[in-house]
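For what it's worth, this note's numbering labels the leading residue of the sequence shown as 88, then goes sequentially.
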Amino acid sequence: MLVPDNVEDERGHEKEEVKVEIEDNSVLQISGERNVEKEDKNDTWHRVERSSGKFMRRFRLPENAKMDEVKAAMENGVLTVTVPKAEVKKPDVKPIQITG
């Protein structure tokens, strides 16, 4: 699976709950853990719900990805990972004239 230039993932998470890593110079891994507590109450009752969970996503990076320039940013709970790609050098083609 090739990763696009920008990957948006994991809406609603905090920056501290998410880890972005490059493994073996070829795999982008996004992982984390989230613990949420929701409390509802009124004059007659009080309820607290707790939920937690782990997540992990892995993307194979293209061969021309610039590993040293990968960046991650979190804004309003949206993680954006930018993976710049090197230009693919076009082969130098020299035409050969056919005689005869």
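Backbone N, C-alpha and C fix where the C-beta goes; we use that ideal spot for every residue, glycine too.
* Asked: Which residues does DSSP pair with Leu148 in a beta bridge?
  -> For Leu148, which the question treats as bridged, DSSP gives no partner whatsoever.
* **Among Gly164, Val165, Met161 and Val157, nearest to Pro171 - alpha-carbon criterion** => Val157
* Asked: DSSP on Asp111, reduced to helix/strand/coil?
  -> coil
* For Lys172, which beta-bridge partners are listed by DSSP? -> Ala152
* **With 16 other Cβ atoms within 10 Å as the buried cut-off, status of Glu95** => Since pLDDT at Glu95 reaches only 42, below the 50 mark, its modelled position is unreliable, and the value read off the structure follows with that caveat. It counts as exposed.
* To do: Report buried or exposed for Ile183, applying the criterion of at least 16 other Cβ atoms within 10 angstroms of its Cβ.
  => exposed
* Asked: Quick one: is Ala152 buried, meaning 16 or more other Cβ sit within 10 Å of its Cβ, or exposed?
  -> buried
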